[in-house]
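Worksheet: one structure, shown below.
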Amino acid sequence: MNTSKLVAICIVCLCIAAIPAIAQENNTTEVATTISDNAKNYIAQHFGTAVDDQHCFASGGISYTDPIGISQTGSTQDVVATLKLGVGSSARGPGGEVYTDITDYTTLDNDAIVWIGNHLSGDDRYCTAVIAEDLTPETGYIDIKSYPSGASIYLGDDDYDYKGTTPKTIGVSPGSYYDIKLTKSGYDDYTTRVYVSAGDTAAVSAYLTATPTTGSISVSSAPSGADIYLDGRHKGITPKTISDVSPGSHTLKLEKYGYKEWLTSVHVTSGVTESITAHLTAADVSPPAIRIDKPVTIEYNNNGLLEEGEKVTIIYGATDPSGVTSIKILLDETMLESQNQAGTYTITTNPLTKGRHTIRVEATDSKSNSGFEELPITVERTGPSVYFGTTRTTIKKGEDAIFTLSAVNPIGNPPMTVQLILKPPSGVSVTSSSFAKAGSGIYTCTQAIESGDNVRSIEV
Numbered sequence: 120m121n122t123s124k125l126v127a128i129c130i131v132c133l134c135i136a137a138i139p140a141i142a143q144e145n146n147t148t149e150v151a152t153t154i155s156d157n158a159k160n161y162i163a164q165h166f167g168t169a170v171d172d173q174h175c176f177a178s179g180g181i182s183y184t185d186p187i188g189i190s191q192t193g194s195t196q197d198v199v200a201t202l203k204l205g206v207g208s209s210a211r212g213p214g215g216e217v218y219t220d221i222t223d224y225t226t227l228d229n230d231a232i233v234w235i236g237n238h239l240s241g242d243d244r245y246c247t248a249v250i251a252e253d254l255t256p257e258t259g260y261i262d263i264k265s266y267p268s269g270a271s272i273y274l275g276d277d278d279y280d281y282k283g284t285t286p287k288t289i290g291v292s293p294g295s296y297y298d299i300k301l302t303k304s305g306y307d308d309y310t311t312r313v314y315v316s317a318g319d320t321a322a323v324s325a326y327l328t329a330t331p332t333t334g335s336i337s338v339s340s341a342p343s344g345a346d347i348y349l350d351g352r353h354k355g356i357t358p359k360t361i362s363d364v365s366p367g368s369h370t371l372k373l374e375k376y377g378y379k380e381w382l383t384s385v386h387v388t389s390g391v392t393e394s395i396t397a398h399l400t401a402a403d404v405s406p407p408a409i410r411i412d413k414p415v416t417i418e419y420n421n422n423g424l425l426e427e428g429e430k431v432t433i434i435y436g437a438t439d440p441s442g443v444t445s446i447k448i449l450l451d452e453t454m455l456e457s458q459n460q461a462g463t464y465t466i467t468t469n470p471l472t473k474g475r476h477t478i479r480v481e482a483t484d485s486k487s488n489s490g491f492e493e494l495p496i497t498v499e500r501t502g503p504s505v506y507f508g509t510t511r512t513t514i515k516k517g518e519d520a521i522f523t524l525s526a527v528n529p530i531g532n533p534p535m536t537v538q539l540i541l542k543p544p545s546g547v548s549v550t551s552s553s554f555a556k557a558g559s560g561i562y563t564c565t566q567a568i569e570s571g572d573n574v575r576s577i578e579v
């Protein structure tokens, strides 16, 4: 203990006193004790300090007070008071300090009591020091960049705090995880989590994705290969994904030969691909059976040739198990007439012009299946008018037959050549003079038949 802090010590000892208590009428009493002379002598002998009234607490000793109860008037009850011995200081110097057990101390502005026992005195090796130092906490950093730049930065755990726009470096307390969110108009939000160590910089590079303004439709069908029509416009063949479709409601139609038409409505959302699968149903695709007959005029007129100005009569018709709803006959794409039910019909054309013509019959059944048949015909220029005859239909050997041949070429036709060619029956030979003339006119030709017994008919 430093000499500057030595103080006078007053010792209060332990004493045990048996004190008779006299009952009072109120059945309670208070008992007080004081330090005996023997206690004072003990303190002086062992601690080298005289105890007097000036340096002792409570001027003359330590008092003990305790209420007791008396059970009966005139009775006597023993009270044992145990007083604990302590030391006290009477020093009055302000700021004075008494050290015990090195670390404990008491400011001596007022009297203090330390219970008697083994204690360590103050030691010069120990002192109390105040260290004045400005401590700087360590910091971590987050370096945030975005592509494109200018994204708003939000930092936090549960709640996000706005920290500015990219690019930016932010100082944070180290040793923690941080949630980062970047937002920018026209782009999807970007979120991530980073751990920041003391003195380190965590780098964040965010490549923002543009928010889509259109959607898509993925179309498939069973069977595949159906034509896709979106809002009436052909988009390809199933399966196919149609991109860049504006948000909203759209009409989707699928068509495939041999199957019924498939129709639905699709609602498209930006950034979303709608999936559509169509199960097509087989349909009746057989067209009506169509009849179109070759005109009789063609078969029997001029060896099957039609001449300019002639008419033709056509027989046509159509049948189908589901019923026929329409039959049309056309000449060179010009409709001649139409019918609304199955049957057989006849029509005669107007005079035909020279050249190639097409007769076409189209038919549709109740399942909307259609078919057609075509018949091509050729109309020739009007040829020369020829007459060939004889006065006899039979002839005998040695007789002469006179044949008359006439030919008239229409005005405007190319030059005409008239030639007689005889084709006698089998077994008959004919001797003929050469006969070939050019131009219109009437010609006479004499032919001789070899002698014979048979009579032969002559066809003119």
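Counting with our numbering, you get residues 120 to 579 for the letters of the sequence shown.
Heads up, the beta-carbon is just placed ideally off N, CA and C, and yes, glycines get one too.
Any non-hydrogen atom of the ligand NAD closer than 7 Å to residue i Cβ
i, result
"Thr467", "What this structure holds is no ligand at all, so the ligand NAD is not there to describe."
Proximity of residue i and residue j at Cβ, strictly below 8 Å
i, j, result
"Ile411", "Glu481", "no"
"Thr320", "Leu301", "no"
"Thr396", "Leu373", "no"
"Ser295", "Val315", "yes"
"Asp307", "Thr330", "yes"
"Ser485", "Gly442", "yes"
"Tyr378", "Thr400", "yes"
"Val387", "Ile448", "no"
"Ile289", "Tyr326", "no"
"Pro406", "Ser457", "no"
"Leu450", "His476", "yes"
Limits of the unbroken beta strand (DSSP E) element including residue i
i, result
"Ala482", "Gly474 to Asp484"
"Thr467", "Gly462 to Thr467"
"Leu471", "Element bounds for Leu471: n/a, residue is neither H nor E."
"Lys430", "That residue, Lys430, is in no beta strand (DSSP E); it is neither H nor E in DSSP."
"Ser339", "Gly334 to Ala341"
"Arg500", "Note, Arg500: premise wrong, no beta strand (DSSP E); not H, not E."
"Leu455", "Thr453 to Gln458"
"Asp363", "Lys359 to Val364"
"Glu393", "Thr392 to His398"
"Leu450", "Val443 to Leu450"
"Gly305", "First-last for Gly305: undefined, no H or E at that position."
"Val385", "Trp381 to Val387"
"Ser487", "Where Ser487 is concerned, there is no enclosing beta strand (DSSP E), given that its DSSP letter is neither H nor E."
"Lys264", "Gly259 to Tyr266"
"Tyr326", "Thr320 to Tyr326"
Cβ-based burial, residue i [other Cβ within 10 Å; buried from 16]
i, result
"Lys430", "exposed"
"Tyr435", "buried"
"Thr483", "buried"
"Ser389", "exposed"
"Ala317", "exposed"
"Val338", "buried"
"Gly283", "exposed"
"Gly344", "exposed"
"Ser265", "buried"
"Ser384", "exposed"
"Asp439", "buried"
"Val498", "buried"
Alpha-carbon spacing of residue i relative to residue j, whole angstroms
i, j, result
"Asp298", "Ser304", "20 Å"
"Ile409", "Ser365", "47 Å"
"Glu426", "Leu382", "53 Å"
"Lys359", "Tyr273", "41 Å"
"Gly351", "Leu371", "8 Å"
"Tyr281", "Glu393", "36 Å"
"Leu471", "Tyr464", "20 Å"
"Arg312", "His353", "47 Å"
"Arg479", "Arg500", "23 Å"
"Ser487", "Thr468", "29 Å"
"Thr432", "Asp346", "43 Å"
"Thr453", "Leu494", "14 Å"
"Ser340", "Tyr348", "13 Å"
"Gly355", "Gly367", "21 Å"
"Pro342", "Thr328", "37 Å"
"Ser268", "Val291", "22 Å"
"His398", "Val404", "18 Å"
"Asp262", "Asp278", "20 Å"
"Ala270", "Thr310", "12 Å"
"His369", "Ile496", "50 Å"
"Gly275", "Lys287", "16 Å"
"Ile361", "Thr444", "38 Å"
Integer-rounded CB distance, given that residue j should sit under 8 Å from residue i
i, j, result
"Ala461", "Ala437", "6 Å"
"Thr333", "Pro293", "The pair is not a contact, with the Cβ atoms about 45 Å apart (cut-off 8 Å)."
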